[in-house]
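Visitor:
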Amino acid sequence: VDARAEGATRIEPTRQAQHDWNELCHELLGHSLLGSTNSWFTGVNNNIPGRQVRQVLFYAGG
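For the sequence shown, our numbering gives the first residue as 29, with consecutive numbering after it.
(1) Which whole-angstrom value is the C-beta distance of Leu62 and Gly89, which I expect to be below 8 angstroms?
(2) Would you tell me roughly how many angstroms separate the C-alpha atoms of Ser67 and Gln83, rounded to the nearest one?
(3) How many Å lie between Gly58 and Ala31 at the Cα?
(4) Can you tell which of Phe69, Ala33 and Val29 has its C-alpha closest to the C-alpha of Cys53?
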């Protein structure tokens, strides 16, 4: 579907689509060293309280 051709001004994914996208991003990141490293790429900053948990913050698929 071409959102522009349909005149859409926004797109809202379903919860399942959000979950599936997040799982894909986790899987792709796992194929690189970034997936096992604490860095600003994974949201970890030891200088800020509460920022010691790795997160997928970007799409690593290309």
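Here a beta-carbon is modelled for each residue, glycine too, at the ideal position from N, C-alpha and C.
Guide: If we stick to the structure as given:
(1) The residue given as residue 62 occupies position 34 in the sequence shown. The residue given as residue 89 occupies position 61 in the sequence shown. In fact, because the Cβ distance is near 13 angstroms, the residues do not count as touching under 8 angstroms.
(2) Taking the first residue of the sequence shown as 1, we reach residue 67 at position 39. Taking the first residue of the sequence shown as 1, we reach residue 83 at position 55. One C-alpha to the other measures close to 10 angstroms.
(3) As a first step, residue 58 is located in the sequence shown; it is residue number 30 there, counting from the start. As a first step, residue 31 is located in the sequence shown; it is residue number 3 there, counting from the start. Going from the Cα of Gly58 to the Cα of Ala31 covers about 31 angstroms.
(4) Taking the sequence shown and counting its residues from 1, one reaches residue 53 at position 25. Closest by alpha carbon: Phe69.
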